[in-house]
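Asks: Attaching a single structure in C-alpha cells format; questions to follow.
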Ligand code: GLV
Ligand code: MN
Ligand code: MN
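Numbering (this note's numbering), first residue to last: 4 to 417.
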C-alpha cells in the first residue's frame with residue numbers, strides 16, 4: 004500500500020477519547036484522574052488491554068510507566084517512542100496528556116490494522132504522574148526514567164493533603180512493576196509527543212498544528228512560614244506575627260519580579276494556611292512558586308531575587324521562613340531534524356502549521372535528554388487548559404494524530 008495515503012481512524016480516536024473521559028468524569032465535563040488513584044488504575048487496565056489487542060508486548064516499570072512495544076523488522080536498530088500521560092490535574096480536562104497517549108494508540112492501531120511492518124520497534128508510552136498536582140513533583144515517571152530524580156525520592160512523596168505516600172499508592176493500584184525504571188534499558192532512535200497546546204496561540208490565529216522548538220525550563224519551590232496564632236479580637240494589630248499577611252506580600256513579590264525580569268512566567272498556585280480559621284491569626288503558611296523561562300540561569304536569578312525579598316518580609320513580619328527547591332527541569336531544545344519533520348509532514352497533509360514554543364511542561368522535557376525529541380501541538384479552544392472546560396475539537400485531535408502517524412512512519416522506517 005502507498006503509506007502516503009494512510010490516515011488514522013477519526014471516529015475510533017473520538018470513541019477512545021470519550022471512553023477515557025468517562026473514567027473520573029467531573030460534573031462540569033472535566034476529568035479528575037490523579038496518578039495512583041482508583042480512577043488511574045481503571046484507565047490503565049483498559050489501556051493495557053487495548054495495547055494487548057494490538058499484539059503489543061507490554062512492559063510496566065518500577066514507576067508504573069507503561070510501554071507497549073510493536074517489534075520492528077530490525078530489532079537491533081533504535082526504537083521510535085511516542086506517548087504522554089493519562090493522569091490529570093485535580094480537577095483537570097479531558098485532553099491534556101490523554102490525547103498524546105490515545106493518539107499514539109490510534110497510530111499503533113492504524114499501523115496494526117494495515118499489517119505494516121516497520122523497520123524499527125515502535126514503543127508507545129503512558130508516563131506516570133506527569134501532572135504532579137496531587138503528588139508533586141511533575142514528570143515523576145519520566146523523571147526517574149531519565150535520571151533527573153531518584154525512585155526513592157518519588158516513592159516517598161506525599162499527596163497534597165499529606166495523607167498518602169506515592170510508592171504505597173502505586174503498589175496498591177497494582178502498577179509498581181518489576182522492570183527497572185531506567186532509560187538505559189531502552190535503545191531509542193527518536194521520540195514524539197502529541198499534545199494540546201494549552202495556550203491561546205493556535206486557536207487565536209486559526210492554525211491547525213503547532214511545532215514547538217522546545218519547552219521552557221521549570222523550577223518548583225516550596226516555602227514555609229511560621230507565625231504566632233492568637234485570638235484575633237484582643238490581639239492588637241501591632242506586633243502580630245501573621246504568616247498569611249507575610250505570604251500576601253510575598254505573592255506580590257513573585258508577580259513583581261517576574262514582570263521586572265521579563266522573558267519568564269512566575270506563579271504562586273498552591274497555598275496551605277494553618278489553622279485556616281477566620282478568628283485565629285494564621286501561624287503557618289506553605290506556598291509554592293513555579294518559575295518558567297527559556298533561559299535556565301534567568302529563572303534561577305529570578306528566584307534568588309524573590310528569596311531575598313521574602314527574607315526581608317519574613318523578618319519584618321516576625322515570621323521565620325524556610326524555602327526549598329522541590330524540582331527542576333532544564334529547558335528542552337528539540338532536535339532540528341524531527342522539529343522540521345513535524346512542519347513538513349503537516350504541510351504535506353495540507354494542514355496549516357506554526358513554529359512556536361511550549362510554555363507547558365511535558366514528559367518530553369525528560370525524554371529529550373535521552374533521545375532526539377519533538378512535539379506536535381493542536382489548538383486549545385480559547386487557550387484554556389488545566390481546567391474542566393479544556394477542549395480541543397475532535398477534528399483537530401485527528402489532524403494531530405495524522406501528523407504523528409506520518410512522523411512515526413518516516414522515522415521508524417529510516
Ligand atoms: C504540566 O502540566 C505543567 O505544569 O506544565
Ligand atoms: Mn500534559
Ligand atoms: Mn498538565
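Ideal Cβ positions, reconstructed from N, Cα and C, are used throughout, including at glycine. The structure displayed is predicted, hence computed values, not measured ones.
Looking at ligand 1, does it come within less than 7 Å of residue 134, judged from the CB to the closest heavy atom?
Replies: yes
Asks: What do you reckon, is the C-beta of residue 301 under 7 Å from a heavy atom of ligand 2?
Replies: no
Asks: Name the residue from 177, 141, 145 whose alpha carbon lies nearest to the alpha carbon of residue 162.
Replies: 141
Asks: When we look at the beta-carbon of residue 355 and count the other beta-carbons within 10 Å, is it buried (16 or more) or exposed?
Replies: exposed
Asks: Under three-state DSSP, which class holds residue 288?
Replies: strand
Asks: By Cβ distance below 8 Å, which residues in the same chain neighbour residue 41 in space, the five residues on each side in sequence not counted?
Replies: 176
Asks: Judging by CA-CA distance, which residue of 251, 296, 243 is the nearest neighbour of residue 264?
Replies: That would be 296, whose Cα lies nearest to the Cα of residue 264.
Asks: Determine, using beta carbons only, whether residue 190 and residue 335 come nearer to each other than 8 Å.
Replies: no
Asks: How would you call residue 4, buried or exposed, if buried means at least 16 neighbouring beta carbons within 10 angstroms?
Replies: exposed
Asks: Tell me whether residue 403 sits in a helix, a strand or coil according to DSSP, three-state version.
Replies: helix
Asks: Checking 8 Å against the spacing of the C-beta atoms, do residue 219 and residue 383 come in under that value?
Replies: no
Asks: Residue ranges of each alpha helix (DSSP H) run of no fewer than 4 residues wholly in the stretch 115-186, ordered along the chain?
Replies: Correct list: 143-149, 154-159, 169-175.
Asks: At a threshold of 7 Å, does residue 198 count as lining ligand 4 (C-beta to nearest heavy atom)?
Replies: Although ligand 4 was asked about, the structure shown includes only ligand 1, ligand 2 and ligand 3 as ligands.
Asks: Starting from the N-terminal end, write out each residue whose C-beta falls within a distance shorter than 5 Å of any non-hydrogen atom of ligand 2.
Replies: So the residues near ligand 2 by this Cβ test are 99, 100.
Asks: State the start and end residues of the unbroken alpha helix (DSSP H) segment that holds residue 49.
Replies: 41-56
Asks: Quick check on the burial criterion: 16 or more other C-beta atoms within 10 angstroms. Buried or exposed for residue 38?
Replies: buried
Asks: Could you check if residue 141 belongs to the surroundings of ligand 1, using beta carbon to heavy atom distance under 7 Å?
Replies: yes
Asks: Per the contact definition of three or more C-beta pairs closer than 8 Å, is the stretch 187-201 in contact with the stretch 92-101?
Replies: yes
Asks: In terms of residue numbering, what span does the beta strand (DSSP E) encompassing residue 62 cover?
Replies: 60-63
Asks: Residue 263 lies in the beta strand (DSSP E); which residues open and close that run?
Replies: No beta strand (DSSP E) contains residue 263, which is instead part of the alpha helix (DSSP H) from 246-264.
Asks: Judging by CA-CA distance, which residue of 148, 247, 95 is the nearest neighbour of residue 286?
Replies: By alpha-carbon distance to residue 286, the top candidate from 148, 247, 95 is 247.
Asks: Per DSSP, what kind of secondary structure is residue 201 in: helix, strand or coil?
Replies: coil
Asks: Would you check if the stretch 329-348 and the stretch 372-380 touch, i.e. whether three or more CB-CB distances between them fall below 8 Å?
Replies: Enough Cβ pairs lie closer than 8 Å, so yes.
Asks: Between which residues of its own chain and residue 366 is the CB-CB distance below 7 Å, once the five residues before and five after are set aside?
Replies: 87, 88, 130, 133, 142, 145, 196
Asks: Cβ of residue 249 within 8 Å of Cβ of residue 317?
Replies: yes
Asks: Report the residue from 284, 308, 215, 298 whose alpha carbon sits nearest the alpha carbon of residue 257.
Replies: Measuring from the Cα of residue 257, the nearest candidate turns out to be 308.
Asks: Which same chain residues end up closer than 8 Å to residue 77 when comparing Cβ atoms and leaving out the 5 residues on each side of it in sequence?
Replies: 122, 123
Asks: Going by CA-CA distance only, name the one from 222, 170, 364, 36 that's closest to residue 269.
Replies: Comparing Cα-Cα distances from residue 269 to each of 222, 170, 364, 36, the minimum goes to 222.
Asks: For residue 44 and residue 54, I'd like the C-alpha separation in whole angstroms.
Replies: 15 Å
Asks: Go ahead and pull the three-state DSSP assignment for residue 390.
Replies: Annotated three-state conformation of residue 390 is coil, per DSSP.
Asks: What does the Cβ neighbour count give for residue 313, buried or exposed, with the cut at 16 atoms within 10 Å?
Replies: buried
Asks: Comparing alpha-carbon positions, which option in 415, 9, 61 lies nearest residue 113?
Replies: 9
Asks: Whole angstroms is fine: what's the gap from residue 33's alpha carbon to residue 237's?
Replies: Taking the straight line joining both Cα atoms gives about 45 Å.
Asks: Are at least three pairs of beta-carbons, each pair with one atom in the stretch 380-399 and one in the stretch 205-219, less than 8 Å apart?
Replies: yes
Asks: Check for me: the beta strand (DSSP E) holding residue 87 runs from which residue to which?
Replies: Looking at the DSSP string, the run of the beta strand (DSSP E) that includes residue 87 is 82-87.
Asks: For my contact list, residue 154 and residue 65 are in at a C-beta cut-off of 8 Å; report their separation, rounded to the angstrom.
Replies: 6 Å
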